[in-house]
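*Asks:* Let me begin by handing over the structure; questions about it come next.
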Amino acid sequence: MKITVQLYAMLRDLVGSETVTLDLPEGATGSDLWDQLCQQYPSLAPYRSISRIARNHQFVTETEPLAPEDEIALIPPVSGG
Amino acid sequence: MKITVQLYAMLRDLVGSETVTLDLPEGATGSDLWDQLCQQYPSLAPYRSISRIARNHQFVTETEPLAPEDEIALIPPVSGG
Amino acid sequence: MIRTPQYWIEITRNALVLENYLPFIQDPGFGAFVIFGGTVRNFAEGKPVQALFYECYEPMAEKELERIAQECFAQWEVGRIVIVHRIGLLQLTEPSVYIIVASAHRADAFAAARFIIESIKQRVPIWKKEIFADNSSQWKHEIDLGKQ
Amino acid sequence: MIRTPQYWIEITRNALVLENYLPFIQDPGFGAFVIFGGTVRNFAEGKPVQALFYECYEPMAEKELERIAQECFAQWEVGRIVIVHRIGLLQLTEPSVYIIVASAHRADAFAAARFIIESIKQRVPIWKKEIFADNSSQWKHEIDLGKQ
Numbered sequence: 062m063k064i065t066v067q068l069y070a071m072l073r074d075l076v077g078s079e080t081v082t083l084d085l086p087e088g089a090t091g092s093d094l095w096d097q098l099c100q101q102y103p104s105l106a107p108y109r110s111i112s113r114i115a116r117n118h119q120f121v122t123e124t125e126p127l128a129p130e131d132e133i134a135l136i137p138p139v140s141g142g
Numbered sequence: 062m063k064i065t066v067q068l069y070a071m072l073r074d075l076v077g078s079e080t081v082t083l084d085l086p087e088g089a090t091g092s093d094l095w096d097q098l099c100q101q102y103p104s105l106a107p108y109r110s111i112s113r114i115a116r117n118h119q120f121v122t123e124t125e126p127l128a129p130e131d132e133i134a135l136i137p138p139v140s141g142g
Numbered sequence: 051m052i053r054t055p056q057y058w059i060e061i062t063r064n065a066l067v068l069e070n071y072l073p074f075i076q077d078p079g080f081g082a083f084v085i086f087g088g089t090v091r092n093f094a095e096g097k098p099v100q101a102l103f104y105e106c107y108e109p110m111a112e113k114e115l116e117r118i119a120q121e122c123f124a125q126w127e128v129g130r131i132v133i134v135h136r137i138g139l140l141q142l143t144e145p146s147v148y149i150i151v152a153s154a155h156r157a158d159a160f161a162a163a164r165f166i167i168e169s170i171k172q173r174v175p176i177w178k179k180e181i182f183a184d185n186s187s188q189w190k191h192e193i194d195l196g197k198q
Numbered sequence: 051m052i053r054t055p056q057y058w059i060e061i062t063r064n065a066l067v068l069e070n071y072l073p074f075i076q077d078p079g080f081g082a083f084v085i086f087g088g089t090v091r092n093f094a095e096g097k098p099v100q101a102l103f104y105e106c107y108e109p110m111a112e113k114e115l116e117r118i119a120q121e122c123f124a125q126w127e128v129g130r131i132v133i134v135h136r137i138g139l140l141q142l143t144e145p146s147v148y149i150i151v152a153s154a155h156r157a158d159a160f161a162a163a164r165f166i167i168e169s170i171k172q173r174v175p176i177w178k179k180e181i182f183a184d185n186s187s188q189w190k191h192e193i194d195l196g197k198q
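Residue numbers (this note's numbering), protein chains in the order written: chain A, 62 to 142; chain B, 62 to 142; chain C, 51 to 198; chain D, 51 to 198.
Printed below as a string of structure tokens:
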């Protein structure tokens, strides 16, 4: 299945694009998404442990299975306020 | 010595005057002031234990000796804000 | 009114306008400010209130507010403090007090603003008379002698 | 923008004007309000700052702010909440965020305002890039890969 991931802030800058579309097996989780993303963009690896995954505008754990219709974004450490 | 006391809020209302001038012995303290005041105006007595004395715009204890040139005020429980 | 480059203390009979005090706290060294506003509420002691009357021992009140501001500068890293209190007759929703604290970091501004309002309620000689909807009135903390 | 009778959540590219939000919190049932303002400070990471750039994952940020507001209504007796955050390029001293909480009693307004700003800094998808005086720039929390 195709999953499009939105990237923000330093993650977007490192990849050079606001979105990345990945081809993942059915039932893939956030963890699988990270695995493949870091393989494709090794510069993201240091951010994996400090970033969170948002599915449909809510934080989810890495074990959550993803679906193609989900809106997925990676949320590096926030700094609003 | 003559000591003039300023009264505020409910204390002033109970006495019916913004100031009261008392004749106290030399070296009289805040405690002596209260004694005489409550004798003259018994309706003030319930406020004695919950009010403070201010001398020259600062709170002082009842044991502090007073002088005629001091600006003395009785401060019942405050309620600003 | 007592004004220094660090603090602005004022007791006034005029309506309080928050915007008047904001330029005083603006400084590129501060990243945070906290404002506390007290306003006239329609209920007190379980009864509907129509207005409040504030009275003040003015010279002492301003000095006590100044001492409170100075205690804040000694305890926290704060940059600017405004404390303004209105006295006289205030209608529902009108502001009675504004406390503004600007600081480099937010924790200091929160702590100092809270300290200032708690201190005002403990030791600044200002008194509030509640004027109830039935036109009766009573000083706050007034002892009901009939009940003694 | 998400607006209900109880809360007003807004992320905007326009300059924030505090006075615009004050009528929303005015109510004779509230006796206190607390405002937190965040402004652009001239120093960060030990270096002089000339401006900040804020970016945002907007639909999620507004929803997360709404969840924070709802958590406040569940935890404290608060009457009205405003949370507005500016994004884009901000100059020194300009406000980036205003949080306003009105309540019957001051303790609730202080607690909720503090909770909101701490929550924003933990879990609302907004990111700040610091633009230093030497024209270099860096996302806050950016990992310096050269140092790894």
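Yeah, the Cβ is synthetic: ideal placement off N, Cα and C, and Gly gets one too. The model shown is predicted, which means the values in this text are computed figures rather than measured ones.
What residues match up with residue 204 (chain A) in a beta bridge as DSSP calls it?
*Replies:* Any question about residue 204 (chain A) goes unanswered here, given that chain A covers just 62 to 142.
*Asks:* Which residues in the same chain as residue 163 (chain C) place their Cβ atom closer than 7 Å to its Cβ, once the five residues preceding and following it in sequence are excluded?
*Replies:* By 1-based counting over the third sequence, the position of residue 163 (chain C) is 113. Answer for residue 163 (chain C): 84, 86, 149 and 151, listed in chain order.
*Asks:* For residue 116 (chain C), which residues of its own chain have a beta-carbon under 8 Å away from its beta-carbon, when the five flanking residues on both sides are left out?
*Replies:* As a position in the third sequence, residue 116 (chain C) is number 66, starting the count at 1. These residues qualify, in order along the chain: 52, 57 and 59.
*Asks:* Please say whether residue 96 (chain D) and residue 154 (chain D) have beta carbons closer to each other than 8 Å?
*Replies:* Start at 1 with the first residue of the fourth sequence, and residue 154 (chain D) comes out as number 104. Start at 1 with the first residue of the fourth sequence, and residue 96 (chain D) comes out as number 46. No, the pair does not count as a contact, with Cβ atoms beyond the cut-off.
*Asks:* Grab the span of the alpha helix (DSSP H) containing residue 166 (chain D) for me, first residue to last.
*Replies:* If you number the fourth sequence from 1, residue 166 (chain D) lands on position 116. Segment 156-173, the alpha helix (DSSP H) holding residue 166 (chain D).
*Asks:* Can you find at least 3 beta carbon pairs, one from the stretch 103-114 of chain D and one from the stretch 185-192 of chain C, that sit closer than 8 Å?
*Replies:* For the pair of segments examined, the stretch 103-114 of chain D was found not to touch the stretch 185-192 of chain C: the number of CB pairs separated by less than 8 Å stays below three.
*Asks:* Sorted by chain position, which residues of the same chain lie with C-beta nearer than 7 Å to residue 139 (chain A)'s C-beta, five sequence neighbours on each side aside?
*Replies:* Numbered from its first residue, the first sequence carries residue 139 (chain A) at position 78. None.
*Asks:* Are three or more beta carbon pairs between the stretch 126-139 of chain C and the stretch 59-68 of chain C nearer than 8 Å?
*Replies:* yes
*Asks:* Please determine, among D:167, D:94, D:191 and D:147, the residue with the shortest C-alpha to C-alpha distance to residue 137 (chain D).
*Replies:* Stepping through the fourth sequence from its first residue, residue 137 (chain D) is reached at position 87. When each option's Cα is compared against that of residue 137 (chain D), the closest is D:147.
*Asks:* Assuming residue 105 (chain D) is part of the beta strand (DSSP E), what are its boundary residues?
*Replies:* Here the question's residue 105 (chain D) lines up with position 55 in the fourth sequence. Start and end: 97-106.
*Asks:* According to DSSP, is residue 119 (chain D) helix, strand or coil?
*Replies:* As a working note, residue 119 (chain D) is residue 69 in the fourth sequence. It is helical.
*Asks:* With three or more C-beta pairs closer than 8 Å as the rule, is the stretch 88-95 of chain D touching the stretch 169-177 of chain C?
*Replies:* no
*Asks:* Sort out for me which residues DSSP pairs residue 83 (chain D) with in a bridge.
*Replies:* Residue mapping note: residue 83 (chain D) aligns to position 33 of the fourth sequence, counting from 1. Per DSSP, C:87 and D:152.
*Asks:* Looking only at its own chain, which residues have a Cβ that is under 8 Å from the Cβ of residue 72 (chain B), when we skip the five neighbours before and after it?
*Replies:* On the second sequence, position 11 is the one that residue 72 (chain B) refers to. Correct list, in chain order: 105, 108, 112, 135 and 137.
*Asks:* Going by DSSP in three states, residue 129 (chain C) sits in which element: helix, strand or coil?
*Replies:* Position 79 of the third sequence, counting from 1, holds the residue named residue 129 (chain C). Of the three classes helix, strand and coil, the one that applies to residue 129 (chain C) here is strand, per DSSP.
*Asks:* Could you tell me whether the stretch 62-71 of chain A touches the stretch 79-90 of chain A, using the rule of 3 or more Cβ pairs below 8 Å?
*Replies:* yes
*Asks:* Of all the CB atoms in chain D, is at least one closer than 8 Å to the CB of residue 115 (chain A)?
*Replies:* For this step, residue 115 (chain A) is matched to residue 54 along the first sequence. Taking Cβ atoms only, chain D reaches closer than 8 Å to residue 115 (chain A), which makes this a yes.
*Asks:* Would residue 76 (chain C) pass as an interface residue toward chain D - the criterion being a Cβ-Cβ separation below 8 Å?
*Replies:* Residue numbering aside, residue 76 (chain C) sits at position 26 when the third sequence is read from its first letter. Chain D, which has a Cβ nearer than 8 Å to the Cβ of residue 76 (chain C), makes this yes.
*Asks:* For residue 61 (chain C), does the three-state DSSP call read helix, strand or coil?
*Replies:* Position 11 of the third sequence holds residue 61 (chain C). Residue 61 (chain C) falls in the strand class under three-state DSSP.
*Asks:* Exposed or buried, residue 88 (chain B), counting other C-beta atoms within 10 Å across all chains shown (16 or more means buried)?
*Replies:* Taking the second sequence and counting its residues from 1, the one referred to as residue 88 (chain B) is at position 27. Answer is exposed; the Cβ neighbour count stays below 16.
*Asks:* Could you give the residue range of the beta strand (DSSP E) that holds residue 89 (chain B)?
*Replies:* Reading the second sequence from its first residue, position 28 is the one you call residue 89 (chain B). Run containing residue 89 (chain B): none; DSSP gives neither H nor E here.
*Asks:* To the nearest angstrom, how far is it from the Cα of residue 190 (chain D) to the Cα of residue 143 (chain C)?
*Replies:* By 1-based counting over the fourth sequence, the position of residue 190 (chain D) is 140. By 1-based counting over the third sequence, the position of residue 143 (chain C) is 93. If I take the Cα positions, the gap works out to 41 Å.
*Asks:* Would you say residue 138 (chain B) reaches chain C, if we count a Cβ-Cβ gap shorter than 8 Å as a contact?
*Replies:* Locating residue 138 (chain B) in the second sequence gives position 77, where the first residue counts as 1. Taking Cβ atoms only, chain C reaches closer than 8 Å to residue 138 (chain B), which makes this a yes.
*Asks:* How would you list, in chain order, the residues of chain C whose beta-carbon sits under 8 Å from the beta-carbon of residue 134 (chain B)?
*Replies:* For the purposes of this step, residue 134 (chain B) is taken as the residue at position 73 of the second sequence. Per Cβ cutoff of 8 Å: 107, 110 and 175.
*Asks:* Does any residue of chain D have a CB that is nearer than 8 Å to the CB of residue 130 (chain C)?
*Replies:* One-based indexing of the third sequence puts residue 130 (chain C) at position 80. Cβ-Cβ to chain D under 8 Å: no for residue 130 (chain C).
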